[in-house]
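Going by the working numbering, the sequence shown opens with residue 157, and the numbers climb by one from there.
Quick reminder that beta carbons are idealized off the backbone N, C-alpha and C, glycines included.
Computed from a predicted model, the values in this text were never measured in an experiment.
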Amino acid sequence: MRHGEPRLAKGRWIAPLQMGQWINLYNQSIIKEGGIPAQCAAAALSASTIVASTAPRACSSARALGDLPFMQEAMFSEAGLPFALWKAPWLPAEAWAAIFRLLWLFGYARGSDSLQITRRRARAAAERLVALAARGPVLLVGHGIMNRLIGKELQALGWLARNRQGSRYWSMGVYEL
């Protein structure tokens, strides 16, 4: 981040109407260097294809895995986070993110695609991964909620989830046909 640009402050208390700006800043963020688990780096080296969402943090994650070519596709982007135009109450941004994600699961989607639309995108993303897997192992550098939805779709297509591991930001799931 360059000097003078707005910061995505952790723990900063905001009103719900400020979540739109917070979400935009989060969507433009990149990862901090270091802390890549060895199994993630190994998966990147063994992949025939690496694909990432178009989000800056996913692309910076893909680059951090090594000097390996990767494709960017918007269908793998994170499920959008809704927000509201209320002026109060004020809570930490992370609390609002959790509240709005929960509301999204129950149908609230102001400023984002609905769960139903996102599930259709996850289905298309799973089908894309299956097509790419015809050429060999695929590594997807994606996002938490969307990865879970894609995983469910892969399982519906007959793929088995194996060996889920990792930390909050660097987790990995392996799917096999």
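Closest by C-alpha distance to residue i, when choosing among the options
i: Glu229; options: Gly298, Ala265, Glu332 and Ala199; result: Gly298
i: Gly411; options: Ile187, Asn319 and Ala278; result: Here the chain comprises residues numbered 157 to 333, so residue 411 is not present and cannot be evaluated.
i: Ser233; options: Gly191, Arg318, Gly300 and Gln311; result: Gly300
i: Gly171; options: Ser216, Ala235 and Ile255; result: Looking at the sequence itself, residue 171 is Ala, so the reference to Gly does not match. Out of Ser216, Ala235 and Ile255, Ile255 has the C-alpha closest to the C-alpha of Ala171.
i: Gly236; options: Arg168, Glu309, Tyr325 and Leu305; result: Leu305
i: Leu179; options: Trp252, Pro193 and Gly263; result: The question names Leu, but residue 179 is Ile in the sequence shown. For Ile179, the nearest C-alpha among the options comes from Trp252.
i: Gln184; options: Ala211, Ser270 and Arg284; result: Ala211
i: Cys196; options: Ile273, Leu221 and Trp169; result: Leu221
Residue i, DSSP secondary structure in three states
i: Gln228; result: strand
i: Ile187; result: coil
i: Leu310; result: helix
i: Val170; result: The sequence shown places Ile at residue 170, rather than the Val named in the question. The answer is strand: DSSP assigns Ile170 an E or B state.
i: Leu241; result: coil
Buried or exposed by the 16-neighbour rule on C-beta atoms within 10 Å, applied to residue i
i: Pro245; result: exposed
i: Met227; result: exposed
i: Pro225; result: exposed
i: Arg213; result: buried
i: Leu296; result: buried
i: Glu120; result: Only positions 157 to 333 of the chain appear in this structure, which leaves residue 120 out of reach.
i: Ile206; result: buried
Close-in-space but distant-in-sequence residues of the same chain around residue i (CB under 8 angstroms, 5 per side omitted)
i: Glu161; result: Confidence at Glu161 is low in this model, with a pLDDT of 36, below 50, so its placement is unreliable and no value can be given for it.
i: Gly176; result: Phe239 and Gly267
i: Trp242; result: Ala171, Pro172 and Leu173
Close Cβ partners of residue i (< 6 angstroms) along its chain, the five nearest in sequence each way excluded
i: Ala198; result: none
i: Val330; result: Arg318 and Asn319
Cross-strand partners of residue i (DSSP beta bridge)
i: Trp260; result: In the DSSP output, where bridge partners are listed per residue, Trp260 has none listed.
i: Met175; result: The partner list for Met175 (beta bridge, DSSP) is empty, contrary to what the question assumes.
i: Leu316; result: Glu332
i: Ala208; result: Gln228 and Val297
Sequence-distant residues of the same chain with beta carbon closer than 7 angstroms to residue i, five excluded per side
i: Leu333; result: Gly314 and Trp315
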